[in-house]
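Heads up, the thing below is written out as structure tokens.
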Amino acid sequence: MRSSCRRFVPALAALALAAGSPDRAHAAGFLWTGEDVFVRFLSGEAAYDDDLYLWNKSGGANLFLFDNRTGATAGTLGFSPGAFGYAAGDELVFMLRVFTQTGTAGETAGAPDFTWYSTPAMNSDGAAHAQFTVLPDGDTGMNLEDLPAAEWRAGEGDFDDMRVAVSVTPEPVSMALLGTGLAGLAGFPRRRREGEES
Numbered sequence: 049m050r051s052s053c054r055r056f057v058p059a060l061a062a063l064a065l066a067a068g069s070p071d072r073a074h075a076a077g078f079l080w081t082g083e084d085v086f087v088r089f090l091s092g093e094a095a096y097d098d099d100l101y102l103w104n105k106s107g108g109a110n111l112f113l114f115d116n117r118t119g120a121t122a123g124t125l126g127f128s129p130g131a132f133g134y135a136a137g138d139e140l141v142f143m144l145r146v147f148t149q150t151g152t153a154g155e156t157a158g159a160p161d162f163t164w165y166s167t168p169a170m171n172s173d174g175a176a177h178a179q180f181t182v183l184p185d186g187d188t189g190m191n192l193e194d195l196p197a198a199e200w201r202a203g204e205g206d207f208d209d210m211r212v213a214v215s216v217t218p219e220p221v222s223m224a225l226l227g228t229g230l231a232g233l234a235g236f237p238r239r240r241r242e243g244e245e246s
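Here is the structure:
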């Protein structure tokens with residue numbers, strides 16, 4: 049099951065990070081394989097209210113994923129990008145809406161101060177606001193920066209404002225399947241030997 053996850057993370061991810069420039073870190077991206085996608089919230093260090101969405105390619109409502117301020121950050125969310133205008137082979141685009149006035153009622157319903165996309169060409173400053181990493185479990189980590197490039201290039205670009213993991217199979221299911229597979233493999237040689245003795 050994990051091998052299908054790795055299709056999200058070509059070797060370009062490691063090369064992009066080795067290049068050292070946040071502007072080049074986009075190279076990995078997320079190419080959709082046609083399977084369901086699962087996104088897991090990892091952490092958020094932003095001082096602002098940051099809301100993460102899957103951008104709707106067909107122009108409809110974007111899919112809300114996480115809000116780093118309201119506590120809507122628990123668990124793993126699964127969805128089919130096909131319902132949002134994507135076809136297998138398309139790059140998935142995530143959108144970060146940034147509200148600098150935190151703590152006000154209804155801020156997520158109003159106009160954000162900044163909107164950034166995981167695809168640099170869609171950003172008003174032309175910069176990459178997402179960095180991609182390969183996580184120890186094989187999932188892809190996406191680290192987001194909510195400040196305009198002019199600010200983070202001056203030293204604020206820590207890319208820890210929101211961090212999520214993206215995978216094809218949610219972690220608890222994949223671990224259970226791995227355990228079942230290993231148990232089956234452990235019993236296989238024994239059964240074969242018993243059959244040979246008879």
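Just so we're on the same page, the numbering used here is the position in the sequence shown counted from 1, plus 48. Each residue gets a CB set at the ideal place from its N, CA and C atoms; glycine is no exception. Nothing here was measured: the structure is a model prediction, and the numbers come from that model.
- Between V216 and E83 a beta carbon distance of about 5 angstroms is seen, short of the 8 angstroms cut, so the two are scored as contacting.
- Within the model, the alpha-carbon separation for G130 versus W80 is close to 9 angstroms.
- A distance of 7 angstroms or more separates the beta carbons of A197 and D161.
- Residue environment for E193: buried (at least 16 other C-beta atoms within 10 angstroms of its C-beta).
- Beta-bridge analysis with DSSP links F78 to no other residue.
- The closest CA to that of Y96, considering only R88, L144 and F112, is found on L144.
- Boundaries of the beta strand (DSSP E) around N191: T188 to L192.
- Residue V146 holds the alpha-carbon nearest to the alpha-carbon of D115 among V146, G137, L140 and A135.
- In the three-state reduction of the DSSP assignment, A213 falls in the strand class.
- According to the DSSP assignment, R145 belongs to the beta strand (DSSP E) that extends over F142 to F147.
- About 14 angstroms separates the CB atoms of M190 and A94; that is not less than 8 angstroms, and the two are not in contact.
- For the set L195, Y134, S128 and T124, the Cα lying nearest the Cα of N171 is the one of L195.
- Contact check for L125 and F78: beta-carbon distance about 15 angstroms, past the 8 angstroms limit, so the pair fails to qualify.
- Between the beta-carbon of G92 and that of T121 there is about 7 angstroms, and that keeps the pair under the 8 angstroms contact cut.
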